[in-house]
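If you want the working numbering, it's the 1-based position in the sequence shown plus 81.
By construction, the Cβ of each residue, glycine as well, lies at the ideal position given by its N, Cα and C atoms.
As the structure is a computational prediction, the values presented were derived from the model and not from experiment.
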Amino acid sequence: MAHAPATTSAILLGEPLPVELSNTTGMARGDVYDALADDDAVAAWLRAVGGRLRSETGGTLDPAKLDEADLHGIAGRLRDLRDALRRLAADATGDSRPLGLATVPTRQAAIDTLNALAPAWPELVWPEDGEPAKAFHAPGPRAELAVSLIAHQGVELFAGPRRDLLRACQAPNCLLYFLKTHPRREWCGSVCGNRARVARHYRQHHAADRTTQSRRHPDDPAPAGERAEQR
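Dropping the structure here:
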């Protein structure tokens, strides 16, 4: 494998893999970042979600064993899939935020990309000394299975009942998505929840200040703090 960074810069929320892939772009200090910017970054992300990929493929795919040629081959397709998923997520949620790094112009273009990358099918695996299990397979090199599996899950997400649970985080400067699996969940995580509450408190506080100032008679004395500033 390429000399990948120790950890991915993507925020992992424990969401389904298509949502996790969508969340490999975000905002930090007001700038959009790409957690799949190069092959090493792709390797780090695949390694971070490797346990789930191994489970879904019955252990036939181990991202830690992909070589540099494998990574280079799937990196571009993984980014294309990410952009398609973000476009479809924006349509499904009525998301008015910027699409981040996504460049997919239309919903149909996103659908075409998703379908082209999605060929994967389940097969029964039943070892002599173990329990029967389901494992996914896909045509082409084994490395392609990672992309096909996530695309296949994306089809199931947008065509199934969980699509109605998909939400765009509305906290300031957040581009992430999540599934609203709890009635009280409104944000992708606690950090965004705190940020949104601080922003709401700021707006309410300053709105109250403006209301108070607009009601003050011109002849009324200014509050002590304002008198001190005027000196």
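* Touch check for the stretch 251 to 268 and the stretch 104 to 114: three-plus C-beta pairs under 8 Å? -> yes
* Pick helix, strand or coil for residue 164, following the three-state DSSP scheme. => helix
* Nearest candidate by alpha-carbon position, reference residue 264, set 248, 149, 133 and 175 -> 248
* Asked: Name the DSSP bridge partner or partners of residue 248?
  -> 259
* Asked: In this structure, what does DSSP give as the bridge partners for residue 206?
  -> 214
* Asked: Can you round the beta-carbon distance between residue 158 and residue 172 to whole angstroms, since I take them to be within the 8 Å contact cut?
  -> Contact flag wrong, Cβ pair sits at about 21 Å.
* To do: Can you grab the Cα-Cα spacing for the pair residue 214 / residue 94, in whole Å?
  => 26 Å
* Following the continuous beta strand (DSSP E) through residue 115, name the residue where it begins and the one where it ends. => 112 to 115
* Asked: What residues are listed by DSSP as bridge partners for residue 107?
  -> 114
* Do the stretch 153 to 168 and the stretch 219 to 232 meet, that is, are 3 or more Cβ pairs less than 8 Å apart? -> yes
* **Element boundaries [alpha helix (DSSP H), containing residue 126]** => 120 to 129
* Report yes if the C-beta distance between residue 162 and residue 240 is below 7 Å; otherwise report no. => no
* Asked: DSSP state of residue 265, grouped into three classes?
  -> coil
* Taking DSSP as the reference, what is the three-state secondary structure of residue 92? -> coil
* To do: Could you spell out where the alpha helix (DSSP H) holding residue 241 opens and where it closes?
  => Note, residue 241: premise wrong, no alpha helix (DSSP H); not H, not E.
* 6 Å Cβ shell around residue 261 - same chain, five flanking residues per side excluded -> 246 and 248
* **Minimum length 4: unbroken alpha helix (DSSP H) runs contained in the stretch 166 to 199** => 188 to 198
* To do: Taking residue 216 and residue 229 to be in contact with their CB atoms under 8 Å, please state how far apart those CB atoms are, rounded to whole angstroms.
  => Their Cβ separation, rounded to whole angstroms, is 13 Å, which puts residue 216 and residue 229 out of contact at 8 Å.
* **Which of helix, strand or coil DSSP assigns to residue 254** => coil
* To do: Measure the C-alpha to C-alpha separation of residue 129 and residue 209 and round it to an integer number of angstroms.
  => 31 Å
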